[in-house]
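Visitor: The sequence shown maps to residues 1 to 358 in UniProt numbering. Every residue, glycine too, gets a C-beta built ideally from N, C-alpha and C. My questions will all concern the structure given below.
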Amino acid sequence: VDNYKIHTLNWFKNTWGYMNLGASVLPSTFLGILPVGMYLISINQLNYAEFFLCIVLSLGVVAPIKNFTNYVNHLKSIQYALTEVNQILSLEELVLSTKFKKPQHYEIAFNNVGFSYNKDKDDLVFKHLSFTVPENNFTAIVGASGSGKSTIAKLISRYWDVTSGEITIGGINIKDIESKQLNDLVGFVGQDNFLLNLTFKENIKLGNPEATDEAVEKAAKLAQCHEFIEKLPDGYDTNVGTVGDKLSGGEKQRVTIARMILKDAPIIVLDEATVYVDPDNEQKIQEALNVLTQDKTLIVIAHRLSTIQHADQIIVLGKQQILEKGSHHLLLKLNGNYKKMWDTHMHTKDWGINTGHN
1 VDNYKIHTLN WFKNTWGYMN LGASVLPSTF LGILPVGMYL ISINQLNYAE
51 FFLCIVLSLG VVAPIKNFTN YVNHLKSIQY ALTEVNQILS LEELVLSTKF
101 KKPQHYEIAF NNVGFSYNKD KDDLVFKHLS FTVPENNFTA IVGASGSGKS
151 TIAKLISRYW DVTSGEITIG GINIKDIESK QLNDLVGFVG QDNFLLNLTF
201 KENIKLGNPE ATDEAVEKAA KLAQCHEFIE KLPDGYDTNV GTVGDKLSGG
251 EKQRVTIARM ILKDAPIIVL DEATVYVDPD NEQKIQEALN VLTQDKTLIV
301 IAHRLSTIQH ADQIIVLGKQ QILEKGSHHL LLKLNGNYKK MWDTHMHTKD
351 WGINTGHN
């Protein structure tokens with residue numbers, strides 16, 4: 001977002017002069033020619049045929065000037081795209097181990113983890129972060145916006161590498177786990193899910209390319225998306241690109257969950273998976289998530305506290321550190337940050353917009 005803002009402001013600054021030039025010159029070509037031509041005719045320096053030719057030629061100047069201003073705009077867009085490409089090419093390559101190890105269990109541990117987006121150790125999202133998620137445990141992570149909840153979710157999937165410390169699965173540093181194997185171990189469902197320009201069947205089979213059509217359909221039924229897919233013109237063979245704009249966020253989310261059900265990863269990370277979903281879809285998605293997360297090591301980044309009150313442990317994040325950790329009932333008894341968040345959540349939930357009563 002910041003990069004887009006900076007680019008837009010720079011684009012306006014660099015093209016403003018050309019845009020003003022085009023806006024002022026284009027409508028004034030004829031008006032400029034008319035008085036000058038009339039004057040030259042009055043002093044016998046120009047005849048009417050030549051004057052008419054000048055008018056025609058002046059109108060022909062409009063298109064090249066307009067094309068020039070458009071070219072300047074396109075040039076700035078190209079320069080921005082090149083800057084973005086160069087930023088990607090300049091990123092550090094992912095460090096891969098030459099001696100891969102295979103976890104024997106699925107306990108997740110953060111050991112003194114520090115992380116910064118720009119590798120600046122003075123600008124850490126968090127530092128010395130340590131906690132454990134036991135195998136087949138339901139752990140929820142809550143906290144204020146910007147506290148690093150989603151960052152934790154992405155670090156587990158190794159979308160980024162930690163700045164310091166280590167993250168382990170089954171006692172093995174995730175840097176020592178082969179990338180494909182780590183991808184097979186972790187199923188990630190985020191806030192923003194997109195579907196590729198493939199058929200619904202192919203999109204779901206991304207979770208397991210070897211799956212049969214029967215397995216795909218079973219996963220879709222468990223994810224509560226079979227019904228609306230069957231109503232499409234070609235069912236599961238309908239290309240997502242032909243109906244993508246007609247799908248709600250909840251429907252796209254359920255297709256993504258079907259993909260994860262088919263993948264059957266032992267570790268599931270849900271990064272505020274229902275944050276943008278309407279109430280009608282939320283219940284269906286919650287039912288699908290219950291199927292997806294059964295007998296799994298589960299980490300949920302939560303925004304609605306009522307969905308995680310049955311978690312085995314709840315981690316409350318603050319600025320760069322863990323503020324509180326424990327079960328829902330234990331944290332309420334502590335009467336700390338979580339208690340304040342819970343009270344605010346319940347107050348918001350019970351507030352009546354029409355009556356004004358709690």
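Q253: buried (16+ other C-beta within 10 angstroms of its C-beta) or exposed?
Guide: In the sequence shown, residue 253 corresponds to position 253, counting from 1. Buried: at least 16 other Cβ atoms inside 10 Å.
Visitor: Which whole-angstrom value is the C-beta distance of F188 and V269, which I expect to be below 8 Å?
Guide: What you label residue 188 is simply residue 188 of the sequence shown in a count that begins at 1. What you label residue 269 is simply residue 269 of the sequence shown in a count that begins at 1. Indeed they touch by this definition, with Cβ atoms about 5 Å apart.
Visitor: Secondary structure at H303, three-state DSSP: helix, strand or coil?
Guide: The residue you call residue 303 lines up with position 303 of the sequence shown. Of the three classes helix, strand and coil, the one that applies to H303 here is coil, per DSSP.
Visitor: Is P103 closer than 8 Å to I172 when the C-beta atoms are compared?
Guide: As a first step, residue 172 is located in the sequence shown; it is residue number 172 there, counting from the start. As a first step, residue 103 is located in the sequence shown; it is residue number 103 there, counting from the start. Yes, the Cβ-Cβ distance between I172 and P103 is below 8 Å.
Visitor: For I267 versus A223, is the C-beta distance shorter than 8 Å?
Guide: The residue you call residue 267 lines up with position 267 of the sequence shown. The residue you call residue 223 lines up with position 223 of the sequence shown. No, they are not a contact pair.
Visitor: Looking at the strands, I want to know which residues DSSP matches up with T297.
Guide: For the purposes of this step, residue 297 is taken as the residue at position 297 of the sequence shown. Paired residue(s): I267.
Visitor: Could you pull the DSSP bridge partners for Q191 from this structure?
Guide: As a first step, residue 191 must be located in the sequence shown, where it is residue number 191. DSSP, once it has assigned bridges, lists no residue as partnering Q191.
Visitor: Which runs of the beta strand (DSSP E) fall wholly inside the segment 162-219 and span at least 3 residues, in chain order?
Guide: Listed in chain order, the complete beta strand (DSSP E) runs (minimum 3 residues) inside the segment 162-219 are 164-169 and 186-189.
Visitor: Classify G32: buried if its beta carbon has 16 or more other beta carbons within 10 angstroms, exposed otherwise.
Guide: In the sequence shown, the residue the question calls residue 32 occupies position 32. When all chains shown are included, G32 counts as exposed.
Visitor: Go to I141, then tell me how far its alpha helix (DSSP H) extends in each direction, as first and last residue.
Guide: Numbered from 1 along the sequence shown, position 141 holds the residue referred to as residue 141. Run containing I141: none in the alpha helix (DSSP H); it sits in the beta strand (DSSP E), F138 to G143.
Visitor: Using CA atoms only, rank isn't needed, just tell me which of K340, A265 and G326 is closest to H105.
Guide: As a first step, residue 105 is located in the sequence shown; it is residue number 105 there, counting from the start. Among K340, A265 and G326, the Cα nearest to that of H105 belongs to A265.
Visitor: Would you call S147 buried or exposed, if buried means 16 or more other Cβ atoms sit within 10 Å of its Cβ?
Guide: One-based indexing of the sequence shown puts residue 147 at position 147. With 16 or more other Cβ atoms within 10 Å, it is buried.
Visitor: Who are the near neighbours of V186 in its chain, counting only those whose CB is closer than 7 Å to its CB and skipping five residues on each side?
Guide: Residue mapping note: residue 186 aligns to position 186 of the sequence shown, counting from 1. Result list for V186: I156, S157, A265, I267 and V269, in chain order.
Visitor: What do you get for E230, buried or exposed, if any count of 16 or more other CB atoms within 10 angstroms of its CB means buried?
Guide: Taking the sequence shown and counting its residues from 1, the one referred to as residue 230 is at position 230. Under this definition E230 is an exposed residue.
Visitor: Whose CA, out of K218, I41 and V240, lies closest to the CA of N203?
Guide: Indexing the sequence shown from 1 puts residue 203 at position 203. Answer by Cα proximity: V240.
Visitor: Do N112 and S145 have their beta-carbon atoms positioned less than 8 Å apart in this structure?
Guide: Counting from one through the sequence shown, the residue named residue 145 turns up at place 145. Counting from one through the sequence shown, the residue named residue 112 turns up at place 112. It is not a contact, given that the beta carbons lie outside the stated cut-off.
Visitor: Terminal residues of the continuous alpha helix (DSSP H) containing S150?
Guide: On the sequence shown, position 150 is the one that residue 150 refers to. That run of the alpha helix (DSSP H) goes K149 to I156.
Visitor: In its own chain, which residues sit with a C-beta less than 6 Å from the C-beta of K319, not counting the 5 before and 5 after it?
Guide: Start at 1 with the first residue of the sequence shown, and residue 319 comes out as number 319. Hits under 6 Å: none found.
Visitor: For the structure I just gave you, are there three or more beta carbon pairs, one from the segment 308-327 and one from the segment 287-295, closer than 8 Å?
Guide: Flag = no, the segment 308-327 and the segment 287-295 do not touch.
Visitor: Comparing C-alpha positions only, which one of Y236, K101 and N183 sits nearest to D176?
Guide: The residue you call residue 176 lines up with position 176 of the sequence shown. Closest by alpha carbon: K101.
Visitor: Could you check which residue in H328, Y338, E227 and I174 has the C-alpha nearest to that of L96?
Guide: On the sequence shown, position 96 is the one that residue 96 refers to. The shortest C-alpha separation from L96 is found at I174.
Visitor: Specify, as a first and last residue, the run of the alpha helix (DSSP H) that H310 falls within.
Guide: The sequence position of residue 310 within the sequence shown is 310, counting from 1. Counting along the chain, H310 falls outside any alpha helix (DSSP H), and DSSP gives it neither H nor E.
Visitor: Since I believe H303 is in contact with E272 (beta carbons under 8 Å), could you give me their beta-carbon distance rounded to a whole number of angstroms?
Guide: Mapped onto the sequence shown, residue 272 falls at position 272. Mapped onto the sequence shown, residue 303 falls at position 303. So it is a contact: roughly 5 Å between Cβ atoms.
Visitor: Mind checking whether F200 and T151 have CB atoms under 8 Å apart?
Guide: Working through the sequence shown from its first residue, we reach residue 200 at position 200. Working through the sequence shown from its first residue, we reach residue 151 at position 151. Cβ atoms of F200 and T151: not closer than 8 Å.
Visitor: Rounding to the nearest angstrom, what Cα-Cα distance links L334 and R259 in this structure?
Guide: Here residue 334 refers to the residue found at position 334 of the sequence shown. Here residue 259 refers to the residue found at position 259 of the sequence shown. Going by the C-alpha atoms only, they are around 40 Å apart.
Visitor: Does the separation of the CB atoms of N137 and D343 fall below 8 Å?
Guide: What you label residue 137 is simply residue 137 of the sequence shown in a count that begins at 1. What you label residue 343 is simply residue 343 of the sequence shown in a count that begins at 1. For N137 and D343, no; Cβs fall outside 8 Å.
Visitor: Could you give the residue range of the alpha helix (DSSP H) that holds L323?
Guide: On the sequence shown, position 323 is the one that residue 323 refers to. No alpha helix (DSSP H) contains L323, which is instead part of the beta strand (DSSP E) from I322 to G326.
Visitor: State the CB to CB distance for the pair G170 and E107, rounded to an integer number of angstroms; the pair is presumed to be in contact (CB under 8 Å).
Guide: Along the sequence shown, read from residue 1 onward, the residue named residue 170 stands at position 170. Along the sequence shown, read from residue 1 onward, the residue named residue 107 stands at position 107. With a Cβ gap of about 6 Å, G170 and E107 count as contacting.
Visitor: DSSP three-state label for N67, please.
Guide: Within the sequence shown, residue 67 is the residue found at index 67, counting from 1. Here N67 sits in helix by DSSP.
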